[in-house]
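Below: one structure, written as structure tokens.
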Amino acid sequence: DKLTPEVIEKLKAGRAKLKANPALIDNAIAKLNPEAQAPAKKFRDLLLSDETDLAKFHAAGQEIKAGLSDEVKAALKAHEAEIAAALGLPLPPSA
Numbered sequence: 001d002k003l004t005p006e007v008i009e010k011l012k013a014g015r016a017k018l019k020a021n022p023a024l025i026d027n028a029i030a031k032l033n034p035e036a037q038a039p040a041k042k043f044r045d046l047l048l049s050d051e052t053d054l055a056k057f058h059a060a061g062q063e064i065k066a067g068l069s070d071e072v073k074a075a076l077k078a079h080e081a082e083i084a085a086a087l088g089l090p091l092p093p094s095a
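Numbering-wise, full-length UniProt numbering puts 15 at position 15 of the sequence shown, and it's gapless, one number per residue.
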């Protein structure tokens, strides 16, 4: 599956906003517990990547989450919602 052109444009705009103001996400990552910070940084890097293939984007996200505790996953889900709202991005469907 490919992201729709509308979502791709939102993603590009969000990426541009993030690249222009990396403190936006880095400050949010700093608030996370130490166990959640490393995977959150991987998600940040994924968001900044040029990937537009939904299946690859989703697979990379699942790979990052693999083996994480429920507590860390919950922290990341809240973090994801905060960042998506700040960047004006749609949240991906829950896996």
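Heads up, the beta-carbon is just placed ideally off N, CA and C, and yes, glycines get one too.
Computed from a prediction, not measured in an experiment: that's the story for all the values here.
Collapsed DSSP secondary structure at residue i in the structure displayed
i	result
aspartate 53	strand
glycine 88	coil
lysine 13	In the sequence as displayed, the identity of residue 13 is alanine instead of lysine. Reduced to three states, the DSSP call for alanine 13 is helix.
alanine 66	coil
asparagine 33	coil
asparagine 21	coil
Contact check, residue i vs residue j, beta carbons under 7 angstroms
i	j	result
leucine 89	glycine 14	yes
residue 169	alanine 60	Because the chain spans 1 through 95 in this model, residue 169 falls outside it and cannot be assessed.
residue 106	histidine 79	Past the boundaries of the shown model lies residue 106; the chain is included only from 1 to 95, so the question cannot be answered.
leucine 24	alanine 86	yes
glutamate 51	phenylalanine 57	yes
Practice problem: Indicate whether the contact test is met: 3 or more Cβ pairs, each with one atom in the segment 31-43 and one in the segment 16-23, closer than 8 angstroms. | Solution: No, because fewer than three Cβ pairs between the segment 31-43 and the segment 16-23 fall closer than 8 angstroms, the two stretches do not touch.
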